[in-house]
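Data block below; observations after.
2 protein chains.
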Amino acid sequence: MTRKTADVQGRHTIRDVAARAGVSASTVSRVLGGEYPVSAATRSRVMRAVDALDYVADARAKAVAGAGTPTLAFVLDDITGPSFAQMAQGVEREARKMGHLCLVCSTDGDADEQLAFTEMMRAQRAAAVILVGGAHSTPSYEERTARTAHALHSSGSRLVLCGRPPLAEKVPATVIEYDNEGGAHALCAYLLGQGHRRILLLGGAPDNTTLQGRERGYTSAHRAVGIEPDPALRLPGDFTRDSGHRLMRQAIERGLEFSAVFATTDMVAAGALTALHEAGLSVPGDVSLAGYDDIAFTRDLHPPLTTVHVPYEELGRLAVRTALNRDADGGAEHLLLGTHVVVRESTARFTG
Amino acid sequence: MTRKTADVQGRHTIRDVAARAGVSASTVSRVLGGEYPVSAATRSRVMRAVDALDYVADARAKAVAGAGTPTLAFVLDDITGPSFAQMAQGVEREARKMGHLCLVCSTDGDADEQLAFTEMMRAQRAAAVILVGGAHSTPSYEERTARTAHALHSSGSRLVLCGRPPLAEKVPATVIEYDNEGGAHALCAYLLGQGHRRILLLGGAPDNTTLQGRERGYTSAHRAVGIEPDPALRLPGDFTRDSGHRLMRQAIERGLEFSAVFATTDMVAAGALTALHEAGLSVPGDVSLAGYDDIAFTRDLHPPLTTVHVPYEELGRLAVRTALNRDADGGAEHLLLGTHVVVRESTARFTG
DNA sequence: GTGAAAGCGCTAACAC
DNA sequence: GTGTTAGCGCTTTCAC
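Here's what the structure looks like:
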């Protein structure tokens, strides 16, 4: 059998093009590469053949030969979460700007999936793997992530933590986070300054670093004015709208006493707001309500929500820029971006 | 110089492992592949070497050799839009289930970027390229997309249109859409049945297929009850919350007469609701308001929004399942999923 | 300027 | 069972 001219899929190789143009494969490669002197005549013959065959060079083969498109990967729990989506957007935009392809994986919070994916990315020779969003804070998870960071690092790649805290001292990972604690502190300080003394802390997965940061800010703000927050006022769940709705309803049914609610996420706040309305409570007349994230629709709630603004897209952009621009290896960069409180109409002075 | 044992990046090859284990490269390949009989002793020696070197086979090289992980790509305008995000989630989940890697690209609606990306995906030998969300409806864009479909098809891949209408007759593309027109028709019929006669059509990019579908439903519902909608009542813009807010405010300032508003998107509805409130208008007391998409926070608006439910995640899942499972080539599958109206409290009977 | 040849890192016959 | 030998589709010396 003579050499086939296209594979089963109907794809042509560089040799098919070469044959049709009456030149060698190397010449085709040079024409397509662009960076090499080729006579105008040859070039046009080659291009004609390329067009006729609708030839597109196999990117994987190029990569093996050392001339591939660089690629980077990012992982998140749930692309449907507004803050995740914003970070993802930042990552994607910056990656494109830097000429990288993006591989994604959404894990629904499954640590094993995440690890498995990261290993695949190592096989793909991704320039960096970006873990987007808060993490489980269990030692075992941290330890596994640290191992991942080392593995990536020793194969010339990089682990980037975007929106989560650093791992142990010597772990080679780039981290770009924002000040969860500072934002929560400022927000709660504002609430306390308005005279509130019993602030419900609503929602958030208990073992999640994001919640923990916000919780620390909640606590420190209280202590700063000399009071210890009542543990009964902490109602964890998860970061969804439904969680906020359910928890708020339970708090009301249970007769919990509070004059303000700090929902750990705007989504949680949205659900909580509905539960409050359903119970006939007015916001901020009866109860003040504040969220976190400052996502778009937050100003369309009724009343518009007081919340904490986080530069999510910038976080994503910085994650890729930092990971890709690092000069020396092993430098464990750590950026901490600021947040700020946005006061709207869902909070008011306590009038006990 | 003797053969190097690891490249600049510190990565090892299959030969490094082979050498260290004292076997041939093929044996290492067989051990790692798993599907081939290898003596227990050899296997363990190989595995030890793999561990010691922290070796991970280069996926690109595997791909060239014909044993790669299949990959698929999807493109969307803006991952930050809730309905896009849901479709993306469906795509990603199903792709993972079917063992595919996902490449993403978000184009901000730029047709050239989209084409360029699709071409890259052809080079990557992606099994399918999924275009997620509505399209520009210009002939030139359609024609370019059709060419893309042919190019993909002739190289054994596939173009999938997810949430947008089919192209011309003979174009080899898989299309999974939902009934934009039917949903809008049902919703407007409901509004008309409630006695409304002047319904504002708010938001949406004019040349976007999604808006056009919804617009057709709006028109047909009117005609079904024997009235011709007033063109002055159509206020296009885009699909964002801000667009809804701005357009609604303008409509009010301009003294436009209407008793109901059909926002072409829940996001648009959210902005519109705020503008209505700001103008001192009550919903649904003074004006009925309805949206489209049934995104999560829709029930946390005040009042909860009447809208049209769309099975977005399912759309994404079907897009990949259909694209990957097609038996014969060239079959231009076309699925049309249904939608349904969700009546909540933002709409009421007209009491002119 | 252009071609032949030697890789890139892997898998898959084909031998023994 | 295991090693040898050809590829996979491309790039890149090295000659001429």
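If you read the protein sequences in the order shown, they are chains V and C. For the first sequence, the residue numbers in the numbering used here are 1 to 352. For the second sequence, the residue numbers in the numbering used here are 1 to 352. C-beta: ideal position from N, C-alpha, C; glycine also. Nothing here was measured: the structure is a model prediction, and the numbers come from that model.
Buried or exposed for residue i, please, with buried defined as at least 16 other CB atoms from any protein chain shown within 10 angstroms of its CB.
| i | result |
| --- | --- |
| V:Glu228 | exposed |
| V:Arg158 | buried |
| C:Gly66 | exposed |
| C:Ser259 | buried |
| C:Glu169 | exposed |
| C:Glu143 | exposed |
| V:Gly226 | exposed |
| C:Leu72 | buried |
| V:Gln124 | buried |
| C:Gly213 | buried |
| C:Glu177 | buried |
| V:Thr138 | exposed |
| C:Ala269 | buried |
| V:Pro82 | buried |
| V:Gly34 | exposed |
| C:Leu315 | buried |
| V:Thr2 | Model confidence at V:Thr2 stands at a pLDDT of 39, short of 50, so the residue's coordinates are unreliable and nothing is read from them. |
| C:Ser140 | exposed |
| V:Pro303 | buried |
Using CA atoms only, rank isn't needed, just tell me which of the options is closest to residue i.
| i | options | result |
| --- | --- | --- |
| C:Gln114 | C:Gly285, C:Val129, C:Arg125 | C:Val129 |
| V:Glu92 | C:Asp108, C:Gln86, C:Gly352 | C:Asp108 |
| C:Glu119 | V:Leu101, V:Cys105, V:Glu333 | V:Leu101 |
| V:His309 | V:His302, V:Gly316, V:Ile295, V:Arg299 | V:Ile295 |
| C:Tyr292 | C:Ile79, C:Leu167, C:Gly204 | C:Gly204 |
| V:Asp354 | V:Phe239, V:Arg321, V:Arg299 | Residue coverage of chain V in this structure runs from 1 to 352, which leaves residue 354 of chain V outside it and unanswerable. |
| C:Arg351 | C:Val341, C:Val283, C:Leu256 | First, the amino acid is wrong: residue 351 of chain C is Thr here, not Arg. Selected option, being the one with the closest Cα: C:Val283. |
| V:Met87 | V:Phe262, V:Leu167, V:Val160, V:Glu253 | V:Val160 |
| C:Met98 | C:Ser220, C:Val261, C:Thr69, C:Val75 | C:Thr69 |
| C:Leu191 | C:Thr219, C:Met47, C:Val38, C:Val320 | C:Thr219 |
| V:Ser155 | C:Ala319, C:Asp300, C:Thr13 | C:Thr13 |
| C:Ser29 | C:Asp51, C:Thr307, C:Pro172, C:Lys62 | C:Lys62 |
| C:Asp230 | C:Val56, C:Asp207, C:Ile199, C:Val23 | C:Ile199 |
Measure the CB-CB distance between residue i and residue j and report whether it falls below 7 angstroms.
| i | j | result |
| --- | --- | --- |
| V:Thr209 | V:Ala135 | yes |
| V:Glu313 | V:Gly133 | no |
| V:Met241 | V:Met267 | The residue you asked about is not Met; residue 241 of chain V is Arg in the sequence shown. Yes, the pair counts as a contact, with Cβ atoms nearer than the cut-off. |
| V:Leu53 | V:Val31 | no |
| V:Leu305 | V:Thr298 | yes |
| V:Arg349 | V:Gly255 | no |
| V:Arg317 | C:Arg60 | no |
| V:Arg20 | V:Ala49 | yes |
| C:His426 | C:Thr265 | The requested residue 426 of chain C is not part of the displayed model; chain C covers only 1 to 352. |
| V:Glu181 | V:Arg216 | yes |
| V:Leu301 | V:Val287 | no |
| V:Leu247 | V:Leu202 | yes |
| V:Thr80 | C:Ala232 | no |
| C:Leu167 | C:Val75 | no |
| V:Asp179 | V:Gly338 | yes |
If I follow the unbroken beta strand (DSSP E) through residue i, where does it start and stop?
| i | result |
| --- | --- |
| C:His334 | 334-337 |
| V:Leu76 | 71-76 |
| C:Glu177 | 173-178 |
| C:Leu201 | 199-202 |
DSSP state of residue i, grouped into three classes?
| i | result |
| --- | --- |
| V:Ile252 | helix |
| C:Ser288 | strand |
| V:Ser346 | coil |
| V:Arg234 | strand |
| V:Tyr36 | coil |
| C:Asp293 | strand |
| C:Leu167 | coil |
| C:Val310 | coil |
| C:Tyr190 | helix |
| C:Phe84 | helix |
| C:Leu281 | coil |
| V:Phe356 | Residue 356 of chain V lies beyond the stretch modelled for chain V, which goes from 1 to 352, so this question has no answer here. |
| C:Leu101 | strand |
| C:His245 | helix |
| V:Met1 | In this prediction, V:Met1 scores a pLDDT of 36, lower than 50, which makes its location untrustworthy; no coordinate-derived value is stated. |
Check for me: the alpha helix (DSSP H) holding residue i runs from which residue to which?
| i | result |
| --- | --- |
| V:Phe239 | Where V:Phe239 is concerned, there is no enclosing alpha helix (DSSP H), given that its DSSP letter is neither H nor E. |
| V:Val268 | 266-278 |
| C:Tyr141 | 139-154 |
| C:Leu211 | 209-224 |
| V:Val17 | 14-21 |
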